[in-house]
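Residue numbers (the numbering used here): 21 to 142.
Virtual Cβ for every residue (Gly too), placed ideally from N, Cα, C.
On a predicted model such as this, the values are computed, not experimentally measured, just so you know.
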Amino acid sequence: MLVRKYEGRLSVELRVERVGADLLAVLTGGAAHLGTAVLAVPRPSLAEPGRTSCTSSVLNHTGHKDEYLCRKVAETLCSRYAAVTVCTGGIHYDGATGEELKTLAELTEQALACLEAEAIWL
Numbered sequence: 021m022l023v024r025k026y027e028g029r030l031s032v033e034l035r036v037e038r039v040g041a042d043l044l045a046v047l048t049g050g051a052a053h054l055g056t057a058v059l060a061v062p063r064p065s066l067a068e069p070g071r072t073s074c075t076s077s078v079l080n081h082t083g084h085k086d087e088y089l090c091r092k093v094a095e096t097l098c099s100r101y102a103a104v105t106v107c108t109g110g111i112h113y114d115g116a117t118g119e120e121l122k123t124l125a126e127l128t129e130q131a132l133a134c135l136e137a138e139a140i141w142l
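In structure tokens, the structure reads:
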């Protein structure tokens, strides 16, 4: 499934597909690239019995800061669907301001919400 979200010059694209019982997500925007890869593995929550949480591992390309958004996607999908999840990708906009970085985080949240609203595909 593919979800795109836009605001002004900014956009994010979130593509998720099943790979057997697992999930693969690719998050891009602007000058798309592979800046990080996050693997999230489901496990029982330590704080809330009966809930699914996850443990994550991250690989970052030197100097890239895509981890925050890809980790959010991987951990959200992993916990929601109790599936091993990999999220890779990267978002780059030259001269992005602090406010634009916040907007990119909001657009990523919106893309996740749209994806979850259409969860019949999972």
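Classify residue i as helix, strand or coil using the three-state DSSP reduction.
i	result
Thr25	The identity of residue 25 in the sequence shown is Lys, whereas the question assumes Thr. The answer is strand: DSSP assigns Lys25 an E or B state.
I'd like to check one pair, residue j with residue i: are the Cβ atoms closer than 8 Å?
i	j	result
Leu47	Thr128	yes
Thr56	Glu37	no
Val23	Leu135	yes
Ser194	Arg91	Examination of residue 194 is not possible in this model, given that the chain is present from 21 through 142 alone.
Gly49	Glu27	no
Let me make sure I understand the geometry here. Which of the options has the alpha-carbon closest to that of residue i?
i	options	result
Pro62	Cys98, Asp42 and Ala45	Cys98
Gly110	Asp42, Ala125, Gly118 and Thr96	Ala125
Ser31	Glu138, Lys122 and Ala137	Lys122
May I ask whether a heavy atom of the ligand NAD can be found less than 7 Å away from the beta carbon of residue i?
i	result
Thr72	Although the ligand NAD was asked about, the structure shown includes no ligands whatsoever.
May I ask which residues mark the beginning and end of the alpha helix (DSSP H) holding residue i?
i	result
Glu129	Gly118 to Ala137
Specify, as a first and last residue, the run of the beta strand (DSSP E) that residue i falls within.
i	result
Ala45	Asp42 to Gly50
What are the complete beta strand (DSSP E) segments, minimum 3 residues, inside the region 54-109? 56-64 and 72-80
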